[in-house]
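The structure appears below as structure tokens.
Residue numbers (our numbering): 8 to 263.
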């Protein structure tokens with residue numbers, strides 16, 4: 008699962024790089040040059056080849072390939088994740104909680120580092136065409152860094168706390184319960200688990216809030232595109248909730 012996750016991450020980064028190349032090609036100066044050569048190509052009745060068009064077509068082709076591959080490897084991860092959860096569930100709550108927690112950590116890692124959203128701001132200019140004004144690719148941790156650097160330290164700390172520290176602590180504590188559930192520390196772990204469990208839906212709130220923040224723009228026109236990082240983080244949220252329910256049931260059985 009980790010291998011396919013790395014491949015999905017790699018393809019997502021290559022998609023980001025291809026998009027950046029295309030954005031450079033659609034800046035005002037290059038877009039003007041492109042349109043001039045496009046007119047020359049039309050007036051020459053095809054005798055003059057617009058190399059800019061050929062370059063763009065190649066970039067778009069590579070861009071679409073990387074996007075398709077990123078989605079394909081992400082689907083592989085989700086398929087393996089589902090298989091692991093089903094098999095471990097059939098083998099008992101203790102194994103399900105431990106392996107589910109381990110799988111949750113894997114998808115959380117890629118959810119934090121993989122691109123979450125790309126935002127392109129562009130404007131249609133007469134005679135020039137579609138001109139890109141800015142482009143940003145945002146990961147969850149990258150957004151935290153940007154917020155910190157821009158002076159929004161409190162927001163950065165809140166997102167860091169609820170999207171990284173709380174999920175890690177919660178997941179590791181659930182896995183720890185499976186190891187020490189029969190020891191004298193069991194009841195302390197139960198109380199700790201109950202406290203952590205109260206924050207189980209805050210990671211969902213953080214993602215929703217972050218998406219609103221990322222897509223908000225007062226510029227001319229913006230286009231936001233969801234990337235694989237969002238799917239990984241949402242997969243973590245779902246798996247984490249399932250593991251929480253499993254651990255809760257396991258701890259109830261322990262008290263009987």
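In this text, a Cβ means the ideal position worked out from N, Cα and C, and glycines have one as well.
Shown here, residue 121 sits in coil according to DSSP, grouped into three states, outside any helix or strand. One thing to note: residue 96 has its Cβ within 9 angstroms of the Cβ of residue 253. Secondary structure note for residue 233: its beta strand (DSSP E) is the uninterrupted segment 229-233. Put simply, the backbone Cα of residue 141 is about 5 angstroms away from that of residue 128. At least 9 angstroms separates the beta-carbon of residue 188 from that of residue 87. Residue 230 counts as exposed, since fewer than 16 other C-beta atoms from the protein chains shown sit within 10 angstroms of its C-beta.
No Cβ-Cβ contact shorter than 9 angstroms links residue 21 with residue 71. In this structure, the straight-line span from the alpha carbon of residue 8 to that of residue 84 is close to 5 angstroms. Spatial neighbours of residue 107 in its own chain (CB-CB distance under 7 angstroms, excluding positions within 5 residues in sequence) are listed in chain order as 92, 95, 246, 249, 250 and 253. Here DSSP, grouped into helix, strand and coil, assigns residue 146 to strand. DSSP places residue 141 in the strand class (E or B) of the three-state scheme. Contact check between the stretch 177-187 and the stretch 101-121: three or more CB pairs, one atom from each, fall below 8 angstroms, which counts as touching.
Shown here, residue 20 sits in a helix according to DSSP, grouped into three states. Residue 126 holds the alpha-carbon nearest to the alpha-carbon of residue 27 among 126, 177 and 130. Counting every other CB atom within 10 Å of its CB across the protein chains shown gives residue 158 a total below 16, marking it as exposed.
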